[in-house]
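Protein chains in written order, with this note's numbering: chain A, 105 to 437; chain B, 105 to 437. Glycine included, each C-beta is placed from N, C-alpha and C at the ideal position. It should be emphasised that the depicted structure is a prediction, and the values quoted were computed from it without experimental measurement. Input: a single structure, listed below in structure tokens.
2 protein chains.
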Amino acid sequence: MTNRQIVVASLPQGALGPEHFELREAETPAPQDGEVLLRTILMSIDAANRSWMQGATYRDAVNAGDAMPTYAICEVMESKSPRLAPGDIVATESVWADHVTRAAHKVQKLPKVQPLSHLLSVYGIAGKTAFHGLMQIGQPLAGETIVVSAAAGSVGGYVGQIGKALGCRVVGIAGGHEKCAFVTKELGFDACIDYRAGGIFKALKAACPNGVDVYFDNVGGDILETTLALMNERGRVVCCGAISQYDTTNPTGPRNLPGVVVVKRLRMEGFIVMDFARDDAKATRALQAWVQQGKIQVTEDIVEGLENAPQALIGLLKGDNTGKRMVRVGPDP
Amino acid sequence: MTNRQIVVASLPQGALGPEHFELREAETPAPQDGEVLLRTILMSIDAANRSWMQGATYRDAVNAGDAMPTYAICEVMESKSPRLAPGDIVATESVWADHVTRAAHKVQKLPKVQPLSHLLSVYGIAGKTAFHGLMQIGQPLAGETIVVSAAAGSVGGYVGQIGKALGCRVVGIAGGHEKCAFVTKELGFDACIDYRAGGIFKALKAACPNGVDVYFDNVGGDILETTLALMNERGRVVCCGAISQYDTTNPTGPRNLPGVVVVKRLRMEGFIVMDFARDDAKATRALQAWVQQGKIQVTEDIVEGLENAPQALIGLLKGDNTGKRMVRVGPDP
Numbered sequence: 105m106t107n108r109q110i111v112v113a114s115l116p117q118g119a120l121g122p123e124h125f126e127l128r129e130a131e132t133p134a135p136q137d138g139e140v141l142l143r144t145i146l147m148s149i150d151a152a153n154r155s156w157m158q159g160a161t162y163r164d165a166v167n168a169g170d171a172m173p174t175y176a177i178c179e180v181m182e183s184k185s186p187r188l189a190p191g192d193i194v195a196t197e198s199v200w201a202d203h204v205t206r207a208a209h210k211v212q213k214l215p216k217v218q219p220l221s222h223l224l225s226v227y228g229i230a231g232k233t234a235f236h237g238l239m240q241i242g243q244p245l246a247g248e249t250i251v252v253s254a255a256a257g258s259v260g261g262y263v264g265q266i267g268k269a270l271g272c273r274v275v276g277i278a279g280g281h282e283k284c285a286f287v288t289k290e291l292g293f294d295a296c297i298d299y300r301a302g303g304i305f306k307a308l309k310a311a312c313p314n315g316v317d318v319y320f321d322n323v324g325g326d327i328l329e330t331t332l333a334l335m336n337e338r339g340r341v342v343c344c345g346a347i348s349q350y351d352t353t354n355p356t357g358p359r360n361l362p363g364v365v366v367v368k369r370l371r372m373e374g375f376i377v378m379d380f381a382r383d384d385a386k387a388t389r390a391l392q393a394w395v396q397q398g399k400i401q402v403t404e405d406i407v408e409g410l411e412n413a414p415q416a417l418i419g420l421l422k423g424d425n426t427g428k429r430m431v432r433v434g435p436d437p
Numbered sequence: 105m106t107n108r109q110i111v112v113a114s115l116p117q118g119a120l121g122p123e124h125f126e127l128r129e130a131e132t133p134a135p136q137d138g139e140v141l142l143r144t145i146l147m148s149i150d151a152a153n154r155s156w157m158q159g160a161t162y163r164d165a166v167n168a169g170d171a172m173p174t175y176a177i178c179e180v181m182e183s184k185s186p187r188l189a190p191g192d193i194v195a196t197e198s199v200w201a202d203h204v205t206r207a208a209h210k211v212q213k214l215p216k217v218q219p220l221s222h223l224l225s226v227y228g229i230a231g232k233t234a235f236h237g238l239m240q241i242g243q244p245l246a247g248e249t250i251v252v253s254a255a256a257g258s259v260g261g262y263v264g265q266i267g268k269a270l271g272c273r274v275v276g277i278a279g280g281h282e283k284c285a286f287v288t289k290e291l292g293f294d295a296c297i298d299y300r301a302g303g304i305f306k307a308l309k310a311a312c313p314n315g316v317d318v319y320f321d322n323v324g325g326d327i328l329e330t331t332l333a334l335m336n337e338r339g340r341v342v343c344c345g346a347i348s349q350y351d352t353t354n355p356t357g358p359r360n361l362p363g364v365v366v367v368k369r370l371r372m373e374g375f376i377v378m379d380f381a382r383d384d385a386k387a388t389r390a391l392q393a394w395v396q397q398g399k400i401q402v403t404e405d406i407v408e409g410l411e412n413a414p415q416a417l418i419g420l421l422k423g424d425n426t427g428k429r430m431v432r433v434g435p436d437p
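In structure tokens, the structure reads:
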């Protein structure tokens, strides 16, 4: 049985392209004692994948020759561990491949939700990142104004919908008229600014007549600088990502830092979703309630086929996804 | 009775110089009902004075033609309020002048500490800024490493001495060999890096073998960028000031922001000393104890004469002070 795998052929210096990846075929690995053989169903495609290519972060750096790492939902095909049985659905740190073997104690058994994609979107990394970052760091109160960048992306859309459910004014920032229309009409944001249209400071100021209390930052760069200038005293900046800075060799910092942080007594705090794992059950409970109440729309952007994973990531970095992007490698069981 | 007053002749575009100030003489004002006439004893000289010339901050902007604002210690000469009597010592928002009138309810009566200068240094803005910023935002634990910039300055020296009293490793950053020697020998820091000597990243890394847990930032700019790169996960950055960015029209931001904040899950938070006024009594109690125990040296840099206030501020921005800088306008009573 052959196993397709996509490896990093070389590390990008500037923008990521298809030339940085290579599809290889090998034999499907056999599980050893304590391991399971997994069939990949869905792979999460995240901007963070690109940042791993810039060096060691909260995980080891990705190097040339490595199979591209990913977070994935898989089905257990064969088990040499009493922990798991064939047919079980699990989440795991994995790689871009049809099949992988993993130590059974390193994978997490999941409930058999229908469809499984919801375990990567609203009940997965995207929804939990939005929930934990907004609730624990942003700490918005009803009536406050939340701004979120990459608002049509996987995390941003949930941040804004949670904010609306909490009674906040929510303003998105997204690229292009179509995405902005999606954010206001489908996701119910109060406003959405098209950063590609120019004049973002004026537009954002007009959309936030009471200033900005919480900024959920997925992008860094100029948009961070602009939003900082509109923050209210004691505002909170949730540092979730810096997508504008990943696909470049020439990063820029917000020129108003740290001055504006001092003057306005802002708090900026970074996090990754695993930091709040002890509160995951709370996040799931709240997200399920909001979905049932119709307050959260689940938006997914599923690319079909392992072979299309490189383009799925390259496109994500250019902002061509709407909702949580993932790659479907095989069918739900 | 003539009253000397220094006004802002014009706002600086680049570096502040003597040409931006003008000494004027006028009649000493007479207090109205509810007011007091004050004789200036000591004026606090702070980097923040320069930032007020850049626009509105936590206070109104300073404009050309304004008497230069300052925080001052004064003696009540004449009172038209039952709150205060001649001979009382008060602290107040004031201006660079021999005499001012103020509404009695807007000034704060002080204990008659000897010398009064301690009310501007260790028991004043400098000591309280160091205490509140470090304790409430930095939250260092014994054994952690604290880095503080402008370590020979008014706030930095107290930050480091408090850190040592708490059982931390303390590394300063200062300009020039002489200041660094003062910081380690007189103030007892474990090490002090001379940023003017170059190679600051390597030097700071060598001085912080366990990384940096708390960075007390008084300067912003390149030194902030460098220190951020050496922070440990979950590190805290106390944003107290950005002296490197005040005396310029071309500010720069740390290029590793917000990426490093996300990856290391840092918290950066700004404050001004008044934010923690409700805990001022705690700060005074702790600072008095440490002074009595010999754990805190009180360092002051007193410039004599109202007419020398412009040069005192211009020099401060170039880093020529060691310890808390103030201007003595008149003698202690």
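Host beta strand (DSSP E) of residue i (start-end)
i: residue 431(B); result: 428-432
i: residue 78(A); result: Only positions 105 to 437 of chain A appear in this structure, which leaves residue 78(A) out of reach.
i: residue 198(B); result: 193-199
i: residue 337(B); result: 335-343
i: residue 110(A); result: 106-112
i: residue 206(B); result: 203-207
Residue i in three-state terms, based on DSSP
i: residue 239(B); result: helix
i: residue 233(A); result: helix
i: residue 375(A); result: coil
i: residue 174(B); result: strand
i: residue 284(B); result: helix
i: residue 123(B); result: helix
i: residue 415(A); result: helix
i: residue 143(A); result: strand
i: residue 352(B); result: coil
i: residue 253(B); result: strand
i: residue 319(B); result: strand
i: residue 369(A); result: coil
i: residue 300(A); result: helix
i: residue 213(A); result: strand
i: residue 161(B); result: coil
i: residue 134(B); result: coil
i: residue 189(A); result: coil
i: residue 455(A); result: Residue 455(A) lies beyond the range of chain A shown here (105 to 437); nothing can be said about it.
Extent of the continuous alpha helix (DSSP H) run through residue i
i: residue 389(B); result: 384-396
i: residue 152(A); result: 151-156
i: residue 258(B); result: 258-269
i: residue 406(A); result: From DSSP, residue 406(A) is part of no alpha helix (DSSP H) but of the beta strand (DSSP E) over 404-408.
i: residue 325(B); result: 325-332
Nonlocal neighbours in the same chain, by C-beta distance under 6 angstroms from residue i, ignoring five residues either side
i: residue 419(B); result: none
i: residue 272(B); result: 244, 248 and 250
i: residue 223(A); result: 177, 214 and 217
i: residue 263(A); result: 234, 238, 252 and 320
i: residue 288(A); result: 296
i: residue 268(A); result: 274 and 292
i: residue 119(B); result: 351
Whole-Å CB distance - residue i paired with residue j, under 8 angstroms assumed
i: residue 145(B); j: residue 197(B); result: Wrong, their Cβ atoms sit about 15 angstroms apart, outside the cutoff.
i: residue 169(A); j: residue 226(A); result: Actually they are not in contact, since the Cβ atoms of residue 169(A) and residue 226(A) sit about 35 angstroms apart, beyond 8 angstroms.
i: residue 359(A); j: residue 329(A); result: 6 angstroms
i: residue 384(A); j: residue 232(A); result: 6 angstroms
i: residue 254(A); j: residue 323(A); result: 6 angstroms
Same chain only: Cβ atoms within 7 angstroms of residue i, ignoring 5 sequence neighbours per side
i: residue 316(A); result: 249, 251, 331, 334, 335, 336 and 339
i: residue 374(A); result: 343
i: residue 300(A); result: 279 and 280
Other residues of its chain near residue i: CB distance less than 8 angstroms, five sequence neighbours each side excluded
i: residue 115(A); result: 124, 157, 166, 167 and 168
i: residue 395(B); result: 226 and 402
i: residue 108(A); result: 127, 128, 129, 201, 202, 410 and 411
i: residue 121(A); result: 418
What are the residues of the stretch 351-362 of chain B that lie near chain A, defined by any Cβ-Cβ distance shorter than 8 angstroms? 355, 356, 357, 358, 359, 360, 361 and 362
Between the stretch 360-389 of chain B and chain A, which residues of the former have a C-beta closer than 9 angstroms to a C-beta of the latter? 360, 361, 362, 363, 364, 365, 366, 367, 368, 369, 370, 371, 372, 373, 374, 375, 376 and 379
Note down, in chain order, all residues in the stretch 223-249 of chain A with a beta-carbon under 8 angstroms from any beta-carbon belonging to chain B. none
Output, in sequence order along the chain, the residues in the stretch 301-334 of chain B whose CB is closer than 8 angstroms to any CB in chain A. 321, 324, 328 and 329
Taking a Cβ distance cut-off of 8 angstroms, strictly less, list which residues of the stretch 148-169 of chain A are near chain B, in chain order. 155, 161 and 162
Listed from N- to C-terminal order along the chain, which residues in the stretch 109-123 of chain A have their beta-carbon within a distance smaller than 8 angstroms of any beta-carbon of chain B? none
If you measure beta-carbon to beta-carbon, which residues of the stretch 262-287 of chain A are closer than 9 angstroms to chain B? none
Please list the residues of the stretch 336-350 of chain B that have a C-beta atom closer than 7 angstroms to any C-beta atom in chain A, keeping them in chain order. 343, 344, 345, 346 and 349
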